[in-house]
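A.B. asks: Residue numbers (UniProt numbering): 1 to 351.
There's a structure below that I have some questions on.
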Amino acid sequence: MLYYNNCYHLFTSVYNVFSFVKALQSYSENVVVSPISLQIILALVQQGSRNTTEAEIARVLYHSESNAVLLEGYRSLITDLRSPVLKIASKMFLEKTSKISPDFQSIASNYFLSDIRGLDFKGNPEGSREKINDWIEEYTYDKIKNLFPSGSLTPSTRLVLANAVYLKALWKYPFDKMNTREGHFFISSNEVVVVQMMALVQESLPHMYSMKLKSQIVELPYQEEGYRMIIILPDDYNGLASLESKLTYNDFFAEVSRLVRKEIDVYLPRFKVEENMDLVRVLQKMGMPTAFSNLADFSRISNESLKIDKVTQKALIEVNEEGTEAAAGSACISTTTNALQSSIYLLDIER
1 MLYYNNCYHL FTSVYNVFSF VKALQSYSEN VVVSPISLQI ILALVQQGSR NTTEAEIARV
61 LYHSESNAVL LEGYRSLITD LRSPVLKIAS KMFLEKTSKI SPDFQSIASN YFLSDIRGLD
121 FKGNPEGSRE KINDWIEEYT YDKIKNLFPS GSLTPSTRLV LANAVYLKAL WKYPFDKMNT
181 REGHFFISSN EVVVVQMMAL VQESLPHMYS MKLKSQIVEL PYQEEGYRMI IILPDDYNGL
241 ASLESKLTYN DFFAEVSRLV RKEIDVYLPR FKVEENMDLV RVLQKMGMPT AFSNLADFSR
301 ISNESLKIDK VTQKALIEVN EEGTEAAAGS ACISTTTNAL QSSIYLLDIE R
């Protein structure tokens with residue numbers, strides 16, 4: 001889990017990431033997601049909604065503050081998260097013949113730092129799709145390509161809200177490439193794969209054994225102040241699913257706050273993982289079904305009757321001896337409603 005110190009109450013890494021990951025457990029064994037990218041889009045969508053639609057989105061995002069506080073919070077969050085290692089960008093793509101509410105456009109621009117571009121969804125949905133894909137690719141430094149495959153957009157598409165996140169962070173304590181060797185990584189107690197295992201030898205790192213979680217926890221800091229990777233390693237080779245199901249926000253932050261610097265050896269596989277997810281079913285399961293139905297109320301966006309047709313995210317993370325590179329592209333498509341375990345002093349991350 002990549003973690004940033006300056007967490008606001010509304011930031012995904014607080015409450016939402018845990019409910020989001022739990023909802024994704026039935027979707028895939030390996031979950032690679034950028035909750036902040038999705039949250040920014042959904043928070044903007046909430047600003048364009050009313051009534052039941054708005055209430056459901058607010059519950060999913062754990063939004064309980066007044067709208068004025070929320071908006072200032074998101075503006076501060078997006079501004080503060082932008083750094084030499086983390087890039088965040090948002091953009092609205094609107095059917096060129098449609099009209100958008102000036103108030104919604106102002107909120108998007110002033111608080112979510114998102115501008116707008118007109119596209120010809122009605123006459124040229126494929127060309128519009130390519131332009132959006134090009135934007136995502138540009139703002140993720142060519143890491144996220146073809147977010148929308150052919151046929152994703154149709155003449156009934158009216159609005160696409162897109163967000164791109166890119167991170168490239170160097171380890172504060174780099175792994176020596178000379179120490180990287182072939183090693184075993186346990187997918188389960190009876191399934192093993194051979195990986196390139198990196199080694200960080202006799203380094204002083206924040207670390208602890210959690211009796212509550214029956215896991216070891218270690219923090220790997222990046223050079224950029226405030227950014228770190230938190231690794232939780234269950235004792236049980238088959239214990240990851242159980243840990244994920246019971247891990248809560250309170251447990252996570254309570255245990256991380258107890259980390260103590262110790263000289264340890266860390267063995268971590270070099271890896272690259274990516275995933276492309278349709279998140280409609282996940283978000284419905286989390287409690288916002290109305291937004292995807294003909295009962296959706298997005299009248300703060302436009303006078304046209306709109307519903308969410310698709311919410312998709314493509315994310316990747318690559319970890320090597322030098323650091324971490326990660327990227328995510330997320331988008332929400334709106335259409336008209338009639339459109340159809342180890343010793344405490346040795347942390348060997350082998351599973």
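Note that the Cβ used here is the ideal one computed from N, Cα and C, for glycine as well.
What's the call for Gln-39, buried or exposed, on a 16-neighbour Cβ count within 10 Å?
C.D. replies: What you label residue 39 is simply residue 39 of the sequence shown in a count that begins at 1. Counting Cβ neighbours within 10 Å, Gln-39 comes out buried, since at least 16 surround it.
A.B. asks: How would you call Gly-127, buried or exposed, if buried means at least 16 neighbouring beta carbons within 10 angstroms?
C.D. replies: Here residue 127 refers to the residue found at position 127 when the sequence shown is read from its first residue. Result: exposed.
A.B. asks: Please classify Gln-216: is it buried, with 16 or more other beta-carbons within 10 angstroms of its beta-carbon, or exposed?
C.D. replies: Here residue 216 refers to the residue found at position 216 when the sequence shown is read from its first residue. Buried, by the Cβ-count rule.
A.B. asks: Thinking just about the alpha-carbon of each residue, which of Thr-79, Leu-119 and Pro-289 is nearest to the one in Leu-94?
C.D. replies: Here residue 94 is taken as the residue at index 94 of the sequence shown, counted from 1. Taking only the C-alpha atoms, the option nearest Leu-94 is Leu-119.
A.B. asks: Identify which residue in Leu-316, Thr-79 and Val-256 has its Cα closest to the Cα of Asn-276.
C.D. replies: On the sequence shown, residue 276 is found 276 positions in, with the first residue counted as 1. Among Leu-316, Thr-79 and Val-256, the Cα nearest to that of Asn-276 is on Leu-316.
A.B. asks: Specify the secondary structure class of His-58 as computed by DSSP and reduced to three states.
C.D. replies: Indexing the sequence shown from 1 puts residue 58 at position 58. A small fix is needed here, since residue 58 is Ala in this sequence, not His. Reduced to three states, the DSSP call for Ala-58 is helix.
A.B. asks: Give a yes or no on contact between the region 232-244 and the region 286-297, applying the rule of three or more CB pairs nearer than 8 angstroms.
C.D. replies: As far as the Cβ criterion goes, the region 232-244 does not touch the region 286-297, which means the pair count is below three.
A.B. asks: Could you name the residues that DSSP lists as bridge partners for Gln-216?
C.D. replies: On the sequence shown, residue 216 is found 216 positions in, with the first residue counted as 1. Beta-bridge pairing links Gln-216 to Tyr-209 and Leu-233.
A.B. asks: Tell me the rounded alpha-carbon separation between Ser-101 and His-63.
C.D. replies: Taking the first residue of the sequence shown as 1, we reach residue 101 at position 101. Taking the first residue of the sequence shown as 1, we reach residue 63 at position 63. Between Ser-101 and His-63, the C-alpha separation is close to 23 angstroms.
A.B. asks: Kindly identify the DSSP beta-bridge partner or partners of His-63.
C.D. replies: By 1-based counting over the sequence shown, the position of residue 63 is 63. Its beta-bridge partners do not exist; DSSP assigns none.
A.B. asks: Take Lys-91 and list the residues in its own chain whose beta-carbon comes closer than 7 angstroms to its own, dropping the five residues that flank it on each side.
C.D. replies: For the purposes of this step, residue 91 is identified with residue 91 of the sequence shown, where counting begins at 1. Contacts found: Ser-114, Asp-115, Arg-117, Trp-135 and Ala-162.
A.B. asks: According to the neighbour-count rule (16 or more other Cβ atoms, all chains shown, within 10 Å of its Cβ), is Val-69 buried or exposed?
C.D. replies: Taking the first residue of the sequence shown as 1, we reach residue 69 at position 69. Result: exposed.
A.B. asks: Just to confirm the assignment, what range does the beta strand (DSSP E) spanning Arg-158 have?
C.D. replies: In the sequence shown, the residue the question calls residue 158 occupies position 158. Note, Arg-158: beta strand (DSSP E), 157-170.
A.B. asks: Given 8 angstroms as the limit, is there contact between the region 102-113 and the region 177-191, that is, 3 or more CB pairs closer than that?
C.D. replies: The region 102-113 vs the region 177-191: no contact.
A.B. asks: Alpha carbon to alpha carbon, what distance is there between Arg-129 and Phe-121?
C.D. replies: Taking the first residue of the sequence shown as position 1, residue 121 is located at position 121. Taking the first residue of the sequence shown as position 1, residue 129 is located at position 129. Their backbone Cα atoms lie some 8 angstroms apart in a straight line.
A.B. asks: Could you check which residue in Thr-312, Tyr-74, Glu-219 and Phe-253 has the C-alpha nearest to that of Glu-263?
C.D. replies: Here the question's residue 263 lines up with position 263 in the sequence shown. The residue with the shortest Cα to Cα distance from Glu-263 is Glu-219.
A.B. asks: Distance check for Thr-335 and Gly-123, CA to CA, integer angstroms please.
C.D. replies: Mapped onto the sequence shown, residue 123 falls at position 123. Mapped onto the sequence shown, residue 335 falls at position 335. Each residue's Cα considered, the two are about 15 angstroms apart.
A.B. asks: CA-CA distance, Ser-280 and Pro-289?
C.D. replies: Along the sequence shown, read from residue 1 onward, the residue named residue 280 stands at position 280. Along the sequence shown, read from residue 1 onward, the residue named residue 289 stands at position 289. At residue 280 the sequence reads Val, which differs from the Ser that was named. Answer to the nearest angstrom: the Cα atoms are 9 angstroms apart.
A.B. asks: Compute the distance between the beta-carbons of Val-165 and Ala-328, then report whether it is under 8 angstroms.
C.D. replies: The sequence position of residue 165 within the sequence shown is 165, counting from 1. The sequence position of residue 328 within the sequence shown is 328, counting from 1. Yes. Within cutoff.
A.B. asks: Is Ser-257 helix, strand or coil when you go by DSSP?
C.D. replies: Along the sequence shown, one-based indexing puts residue 257 at 257. In this structure, Ser-257 counts as coil in the three-state DSSP scheme.
A.B. asks: Taking the beta carbon of Thr-97 as the centre, do at least 16 other beta carbons fall within 10 Å, making it buried, or is it exposed?
C.D. replies: Position 97 of the sequence shown, counting from 1, holds the residue named residue 97. Exposed.
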